[in-house]
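In order, the protein sequences belong to chains A and B. Per this note's numbering, the first sequence starts with residue 1, numbered consecutively. Per this note's numbering, the second sequence starts with residue 1001, numbered consecutively. Every residue gets a Cβ at the ideal spot worked out from N, C-alpha and C, and that includes glycine. Values in this document were obtained by computation on a predicted structure and should not be read as measured data. Below is one structure, written out as structure tokens; the observations come after it.
Protein chains: 2
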Amino acid sequence: MVTRKEDFSKWYLQTIQQADLMDYSPVRGCMIFKPNGYEIWEHIQDYFNKRLKEEGVRNAYFPMLIPESFFTREKDHIEGFSPELPWVTEAAGEVLEERLALRPTSETMIGDAFSKWINSYRDLPYEINQWANVFRWEKRTLPFLRTSEFLWQEGHTAHANEEDARQRTMRMLGIYAELLEDLLAVPVFMGEKTPSERFAGAVQTFSVEAMMQDGKAVQAGTSHYMGTKFAEAFNIRYLNQDNEHVYAHTTSWGVSTRLIGSVIMTHSDDQGLVLPPAIAPQQVVFIPVGPKKKLAEVMSKVDELNEQLKAVGLRTYIDDSDNSAGYKFNEWELRGAALRIEVGPRDIENNQVIMKARDEDEKYAIAMDSLSEKVQQALEDMQKRLLQKARQRNQANMYTNIDTLDELVSHIESKKAANEVPGWVLIGWDGSEESEAKIKELTGFTTRNIPFNQYFEGEDALVKKETCIVTGKPAQETVWIARAY
Amino acid sequence: MVTRKEDFSKWYLQTIQQADLMDYSPVRGCMIFKPNGYEIWEHIQDYFNKRLKEEGVRNAYFPMLIPESFFTREKDHIEGFSPELPWVTEAAGEVLEERLALRPTSETMIGDAFSKWINSYRDLPYEINQWANVFRWEKRTLPFLRTSEFLWQEGHTAHANEEDARQRTMRMLGIYAELLEDLLAVPVFMGEKTPSERFAGAVQTFSVEAMMQDGKAVQAGTSHYMGTKFAEAFNIRYLNQDNEHVYAHTTSWGVSTRLIGSVIMTHSDDQGLVLPPAIAPQQVVFIPVGPKKKLAEVMSKVDELNEQLKAVGLRTYIDDSDNSAGYKFNEWELRGAALRIEVGPRDIENNQVIMKARDEDEKYAIAMDSLSEKVQQALEDMQKRLLQKARQRNQANMYTNIDTLDELVSHIESKKAANEVPGWVLIGWDGSEESEAKIKELTGFTTRNIPFNQYFEGEDALVKKETCIVTGKPAQETVWIARAY
């Protein structure tokens, strides 16, 4: 078993395989989501569908195949996506007249539909979401985090004016932040992407970014304000209250199965998978212990306790296999069961069980009475602990006092030499693409986002950097930079 | 508005468009599922996911793109599907070394995975399901019922022996029957498909078939016993308890978004969409009536009643638009709201509301007290009524006394002349493909399935036909034939 310190990449691949979350497929860059991995996605879907319902956004489904001519209508969009598209060129034995792309995202297909569906200001806002598979033919892939086919939700909305559209853009970003922090226990950095990192075709792109244990960043969710760019490309116009035909303002926003990778990389440890209880496929695993001849008695009690927990909606599993208790303990640490409950003959005599949370070292005895309430409390506590622990680690890995490229390079080198993570660095930036390119060339760091004022617990304001780390010119923006997945 | 009698096909297309369930897309045969249409699918997913959980079958997700070489491993499978496959031949600017098919079904991809995952009898049964988009490039398409891209679930299981695999095959068929009858209020005909209608690569295929109002059949769900055919093609072997490497027995089973088409064609009428309450996006629509100056008072009562219904989990909508009450009544009939509740000032004085079920002609006053219970009861009653009504119509359209091809032809002609539906005909069949071909050639009727003994309410046994309708030879099987979608 390789540790995180020894080789983080190898540790990640080992962790997801040993937890039985995925497998590789014969198609380059396309992975199999096994039940334990897919179930994490199902919990994300449940959470997000509830939020969408509260927002009045309904689900729909649009065709996966997009005619080539659609992409060319929005210049930036085709430039951004064409290098990654797979194409259907033949079907049912015939060569197609026009190539069909496997969707990398659906602004074009949905823009075309909106142009038919939206006619009057009464039709606005028009707000829909779809859960779908999408394709971006990646050169270097990594399970969950970067795959040629992945699953996501993509929301698309059209509004009467800029203000409404911007409100929806920011509202969804906020919901993504809550999804990450409340459900996945992954603390986020909210902010705006720099122009070079914008979604192809957006006026502005906002993101929630997350810091992994190796200090690298994951862009975990994005929300885009499109202005009238797609409305102009696809002729999404409506008759306003002054009887004029005007363009709608559109947004789109998405999170994908890369969230699964992010949550794993945030919480897991050298013993295997750690998942927040809210999404763990196994919230509680019962392990009967003690001599064989007492097993029937133990199992009868375990069944009774299990029913109590199931009755309050907990996801439980009884491991009554022939393996040794020690083997089972290890197995369920690898697989990320949130709580382990051991029950033996002596525990029954003492009216207690032995409980251990996946993220703690110690196990402890608790009285059997009102077990379901205690278990629910223990799961809630663990959920909070994981978020807190991730927050503390983020704090320790955020650097705000680096002012020049030399300092940045030596910071990274000294961290590397000490086998520590270089973390994220908050820099001043003159706003030029050249400066971004220079940073990337020298360090591999890229701009993550221009933060909103909301990160440093206990501090009111974000540090503002006055000069550009590259050119020394006055900074236009203060930006997080980091290596990224 | 065209009626069902005048032109059933036109009526269907008009009904789904006016209910805002779908739209066409620029890609041939690929449709857009609008929110009202997609929500029906979501209710089907919820129901089926609960059933899967009870069965211990877990969801997973497999890559959509399938290498050409996979298809060729099972001879019947490639023969059956190759005429309908779309192919990806280029990606990211390069021509692929091997073409990749857009999955029409996933036996091959999942068979390959099973061969890696299944090693010992301890691994069996291995039972998974996936919700996915699939592609079959159809020449003639019809929204929901036959589209080039559609959504479905496909279950795939591997078992230690034939008995276990057959049990799973039949159990899923039974669950499909319950899904159709309990959730969709569509009565089903369960039986076995003839060899010529089998799934490509199956040893036996079983189906649930449903009769539409025009007497045509929809194959609504299928469950396949594969024997060891796919296990042999993909080397799915396991070490049994005698330490021998033996082939697993596999099954697969699926239902698709064609269920949406079936439920619409079964229940809707000349006033528009009719949906069973269990899947209706709008179970209750409130329509405030009366003079404008009383509207505030009425709306306050409507809000109160609406909250009561929402509190018990009902899907409700308040139509407070500026349209006239008459316009709204018509609109919600078109859209298939299950119950309409009118509330006016006089109703409030009388402590009553006016309720109308979508499938009944009369509306009636009910006291406001315990409204949620009464509404729930009314919805349950409607759900039962729809199933019952469909059963009665089926009974009226089933013919069991037709013994020769001449009789069949004249039956169909006389029905046609009377503008009545020819329905389904139970025939004796000598078991030859030639006889099936002959029937199809002369009448357009195809074999639906060889029924299990379970259709005629009030009769113990199914009619058994002694001679083949085509050749007059002794019948091998008694088979339902009908025109089919």
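Contact belief for residue i with residue j at Cβ below 8 angstroms, rounded distance in angstroms
i	j	result
V88 (chain A)	L1462 (chain B)	That belief does not hold up - the Cβ atoms of V88 (chain A) and L1462 (chain B) are roughly 46 angstroms apart, past 8 angstroms.
W542 (chain A)	G254 (chain A)	Because chain A in this structure spans residues 1 to 485, residue 542 (chain A) falls outside the shown range and cannot be described.
I1481 (chain B)	F1452 (chain B)	Rounded, the Cβ-Cβ distance is 17 angstroms, inconsistent with contact.
V302 (chain A)	F286 (chain A)	5 angstroms
I348 (chain A)	E297 (chain A)	7 angstroms
V218 (chain A)	M226 (chain A)	Incorrect: roughly 24 angstroms between the Cβ atoms, too far for contact.
V1284 (chain B)	I1341 (chain B)	6 angstroms
T1266 (chain B)	A1390 (chain B)	5 angstroms
V1134 (chain B)	L1180 (chain B)	With 8 angstroms as the limit, V1134 (chain B) and L1180 (chain B) do not qualify as a contact, their Cβ atoms being about 20 angstroms apart.
V343 (chain A)	V263 (chain A)	With a Cβ gap of about 30 angstroms, V343 (chain A) and V263 (chain A) do not count as contacting.
A200 (chain A)	G111 (chain A)	Their Cβ separation, rounded to whole angstroms, is 14 angstroms, which puts A200 (chain A) and G111 (chain A) out of contact at 8 angstroms.
P143 (chain A)	M31 (chain A)	5 angstroms
R1073 (chain B)	A1233 (chain B)	4 angstroms
Endpoints, the alpha helix (DSSP H) within which residue i is located
i	result
E1162 (chain B)	1162-1178
A1200 (chain B)	Run containing A1200 (chain B): none; DSSP gives neither H nor E here.
Bridge partner(s) assigned by DSSP for residue i
i	result
R1028 (chain B)	None; R1028 (chain B) has no bridge partner.
P474 (chain A)	A:T467
A482 (chain A)	A:T446
P451 (chain A)	A:G191
S223 (chain A)	A:F206, A:W253
E1127 (chain B)	B:T1157
S120 (chain A)	A:L239
F1033 (chain B)	A:Y61, B:M1022
Under 8 angstroms between C-beta atoms of residue i and residue j
i	j	result
F1206 (chain B)	T1194 (chain B)	no
L1183 (chain B)	Y1047 (chain B)	yes
G423 (chain A)	M382 (chain A)	no
N449 (chain A)	F33 (chain A)	no
T251 (chain A)	T141 (chain A)	no
V421 (chain A)	D214 (chain A)	yes
L408 (chain A)	T447 (chain A)	no
H249 (chain A)	A165 (chain A)	yes
G272 (chain A)	A19 (chain A)	yes
P281 (chain A)	N36 (chain A)	yes
A91 (chain A)	P1083 (chain B)	no
Y38 (chain A)	Y1364 (chain B)	no
L1145 (chain B)	R1004 (chain B)	no
K465 (chain A)	L405 (chain A)	no
A418 (chain A)	L379 (chain A)	no
G1155 (chain B)	V1057 (chain B)	yes
E360 (chain A)	S196 (chain A)	no
P1026 (chain B)	P67 (chain A)	yes
N-terminal and C-terminal residue of the beta strand (DSSP E) that residue i is part of
i	result
K356 (chain A)	352-357
Q213 (chain A)	Neither: Q213 (chain A) is in no beta strand (DSSP E) and is coded neither H nor E.
L1021 (chain B)	Here L1021 (chain B) belongs to no beta strand (DSSP E), and DSSP marks it neither H nor E.
V1425 (chain B)	1424-1429
Contact test: residue i Cβ vs the ligand FMN heavy atom, cutoff 7 angstroms
i	result
V375 (chain A)	For the ligand FMN, the structure offers nothing, since it holds no ligand at all.
Item to complete: Could you name each continuous beta strand (DSSP E) segment of 3 residues or more that falls completely within the region 1045-1118 of chain B, going from the start of the chain to the end?
Response: 1065-1067, 1086-1091, 1094-1102
Worksheet item: Hey, which unbroken runs of the alpha helix (DSSP H) at 4 residues or more fall wholly within the region 1361-1415 of chain B?
Response: 1371-1396
Discussion item. Which complete beta strand (DSSP E) runs does the region 1227-1276 of chain B hold, if anything under 3 residues is left out?
Written reply: 1237-1239, 1245-1247, 1249-1256
Discussion item. As an exercise, report each continuous beta strand (DSSP E) stretch of at least 3 residues that is fully enclosed by the region 1273-1358 of chain B, in chain order.
Written reply: 1284-1288, 1316-1318, 1339-1343, 1352-1357
Worksheet item: At which residue ranges does the region 131-161 of chain A contain complete alpha helix (DSSP H) runs of 4 or more residues, listed in the order of the chain?
Response: none
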